[in-house]
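These notes are about the structure you will find just below.
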Amino acid sequence: MPLYQDEKLRLYNSIAGEKQVFKPIHEGQIGMYVCGPTVYSNVHLGNCRTFISFDMIYRYLTHLGYKVRYVRNITDAGHLTDDADEGEDKISKKARLEKLEPMEVVQQYTLDFHNVMQRFNTIPPSIEPTATGHIVEQIEIIKTIIEKGYAYQINGSVYFDVLKFNKDHQYGKLSGRNIEDMITSTRELESQSEKQSPQDFALWKKASPAHIMRWPSPWGDGFPGWHLECTVMSSKYLGETFDIHGGGMDLKFPHHECEIAQGEAAHGHSPVNYWLHANMLTLEGKKMSKSTGNSILPQELFSGDNDFMEKAFSPSIVRFFMMQAQYRSVLDFSNDAILAAEKGLTRLRDAIALLDQLQVSSKSSVDIKAWSDKAYAAMNDDFNTPILIAELFEGAKIIHSINEEKETISQKDLDYFETTIKAFLYDVLGIKNSDAVEDVKGTQHIDAAMKLIIDLRATARARKDFDTSDKIRDELQAAGIQLKDSSEGTTYTTI
RNA sequence: GGCGUCAUGGCCGAGUGGCUAGGCAAAGGUCUGCAAAACCUUGUACAGCGGUUCGAAUCCGCUUGACGCCUCCA
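Here the first sequence is numbered in our numbering, starting from 8 and rising by one per residue.
Listed below in structure tokens is the structure:
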């Protein structure tokens, strides 16, 4: 029997503004769409937080026994640098500046994104569609929206008519805005806009002669608007209404608002049942952002080559650090905070490593079921990973108590305990049980330590204390470090 | 200016109308030839001012501050 039948999952639905009991459209199956990156530059750590948060959510849903179709797009066209009429496609701009084919830009940063996601131990989505791969579908849905009367074309571009839409539907319900306020508070644009109303947004943009990314359409050569791809790809792979839509908090408006409008305009009903928004990662108290330069790249963190941190941190530590905050809370990234996370994770890992050598008894004095109930309760409460981690530390305390024979555990309980605690740390939180740090300084430390051990062994051999020298060699071997004796001396390698 | 979120002990970070969050750090202890490590024990904190209440850090109001969105951003 799948776990989800016992576990009542509640999640915070942004559009309702409250936690709701989760009920999928089809029993046991979930469709989840997450807005992916625009691949015009390297993903920074803030971007990663969102994807790691939804990876954890995907993992937990899967852990509960749901069959999840997880779609996360790659935006490789259509994302404008700004909303003005002269707004340029981000990919196109980067290609122009670096004298590359747009698809070279896309390829470079898609590879970077995949590489970083792999380092963070995220599970690839079931489908990872691209905007350029769905131009035909985007053109089709634009036609539909025009037919329904919610879009107009002008000078080879097509705009969504927000005011018209708002007469029959409610624009702004996700982000809590009403159209009147928006009209009165909209900043005046210097340039004369071809849009009927400043709130209108582009479904299709005419390509100027110099624009290198262009596709033919009924309205002339051009490229699709940013919001459209998500509407098209989510409905194509998950249906016109699906269970969960995720993304960063900063996409709530206008991006997700526009998605709702497009979906309702084209299909007549709301596209999403549960909207989930992951909060921002800040650096020195300010939102990480490519445009302001206040950001740190994952590679810089893993290598220690950055101005913010005193040492290198492995992907697992960074991920564990992120999991210590709830996904809906703003999290500030700092040297002290991640250092604390590193020590905590080590303690947790050390405790779990003790599981294999625990003595079993005929009866348990510890209540493992009560412990796991609390762990599940934490996750069922809108994926409260900080509480889950607190329970994992309680688990560590239990392990130590048994190890010191202050408490007892039966074989049956131990098996369940081990399975559960590992499932939560490895499978749900996605923390690997060990990982190598590509830390130059760290390697130097190990080298220094190994040199000392090797010297001690050499001394022992010199005085024919082979008990000691063999012990060193054999135990290192067992620990995965192989000594190599040669006429030049002794070296070591990891196995 | 509009909309929204948040202010928790040295740091990070949960949660709750009355009962221990957790991690890091710190102090004491166990262990140890000495250290280190490890493990155990210890924290009554919740921006300020009012109000509701038998009781609020938790609810309401105001003040102050921070952040996010309103323009591209995960």
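Just so it is clear, CB atoms sit at the ideal spot from N, CA and C, and this is done for glycine as well.
Exposure of residue i, with buried meaning 16 or more beta-carbon neighbours within 10 Å
| i | result |
| --- | --- |
| V337 | exposed |
| E197 | Confidence is the limiting factor: at E197 the pLDDT is only 43, short of 50, which leaves the residue's position unreliable and the question unanswerable from this model. |
| N173 | buried |
| Q366 | exposed |
| H276 | exposed |
| D389 | buried |
| E349 | buried |
| D96 | buried |
| P278 | buried |
| G156 | exposed |
| V444 | The predicted model places V444 with a pLDDT of 49, which falls under 50 and marks its position as unreliable; any figure quoted below should be read in that light. V444 is buried by the Cβ-count criterion. |
| G255 | buried |
| A23 | exposed |
| G300 | exposed |
| H263 | buried |
| I453 | exposed |
Where residue i sits in the DSSP three-state scheme
| i | result |
| --- | --- |
| R76 | strand |
| T289 | strand |
| D188 | helix |
| K150 | helix |
| I460 | helix |
| P305 | helix |
| P136 | coil |
| I219 | coil |
| M39 | strand |
| H234 | helix |
| T427 | helix |
| H276 | coil |
| L196 | Annotation note: pLDDT 48 at L196 (below 50); position unreliable, coordinate value reported separately. Residue state, collapsed to three classes: coil. |
| V50 | coil |
| T248 | coil |
| Y433 | helix |
| V444 | Confidence at V444 is low in this model, with a pLDDT of 49, below 50, so the placement of that residue is unreliable and no value is reported for it. |
| T415 | coil |
| Y65 | helix |
| Q160 | strand |
Residue from the options whose Cα sits closest to the Cα of residue i
| i | options | result |
| --- | --- | --- |
| A217 | V435, D228 and D257 | D228 |
| D168 | D188, P132 and W211 | W211 |
| I130 | H51, A138, H121 and I303 | H121 |
| P132 | E266, G183 and R79 | R79 |
| L258 | V41, I32, I37 and V112 | V41 |
| E147 | D454, E398 and M240 | M240 |
| S372 | I406, G140, Y334 and K97 | I406 |
| L10 | G24, Q27 and G35 | G35 |
| P231 | D83, R126 and L308 | D83 |
| R56 | Y159, Y19 and P305 | P305 |
| L483 | V325, A456 and R470 | A456 |
| S321 | N440, F58 and Q418 | N440 |
| N162 | Q203, Q12, I64 and L18 | Q203 |
| I394 | M330, I460, E14 and S476 | M330 |
| S417 | E271, P261, D119 and L362 | L362 |
| D374 | L104, E236 and I409 | I409 |
| F431 | N391, K413 and A469 | N391 |
| S298 | L18, S48, R468 and E14 | S48 |
| R17 | F29, K293, R470 and I453 | F29 |
| I219 | I59, M110, A344 and M386 | M110 |
| F58 | M124, A102 and H33 | M124 |
| G53 | K293, L421, D477 and F424 | K293 |
| I98 | T139, Y159 and V46 | V46 |
| A360 | R126, I64, F249 and F424 | F424 |
| A158 | A385, M386 and W226 | W226 |
| E144 | T475, E317 and L235 | L235 |
Rounded Cβ spacing between residue i and residue j (contact assumed at less than 8 Å)
| i | j | result |
| --- | --- | --- |
| Y281 | I251 | 5 Å |
| L355 | L308 | The pair is not a contact, with the Cβ atoms about 21 Å apart (cut-off 8 Å). |
| W233 | H141 | Contact doesn't hold; Cβ gap of about 13 Å is too wide. |
| H51 | D434 | So it is not a contact: roughly 27 Å between Cβ atoms. |
| Q206 | T238 | The pair is not a contact, with the Cβ atoms about 17 Å apart (cut-off 8 Å). |
| T151 | I81 | No, T151 and I81 are not in contact; Cβ-Cβ is about 24 Å, not under 8 Å. |
| I324 | L288 | Not a contact, Cβ separation roughly 15 Å. |
| N286 | F315 | At roughly 20 Å, the Cβ-Cβ gap does not stay under 8 Å, so N286 and F315 are not in contact. |
| I186 | G179 | 6 Å |
| S21 | L245 | The Cβ separation is near 18 Å, so there is no contact. |
| F327 | I438 | 5 Å |
Heavy atom of the ligand SAM within 7 Å of residue i beta-carbon
| i | result |
| --- | --- |
| K370 | For the ligand SAM, the structure offers nothing, since it holds no ligand at all. |
Complete alpha helix (DSSP H) runs within the region 79-121 (minimum length 4 residues, chain order): 97-105
Those runs of the alpha helix (DSSP H) which lie wholly inside the region 351-390 and span at least 4 residues: 375-387
Segments assigned beta strand (DSSP E), at least 3 residues, entirely inside the region 324-349: 338-340
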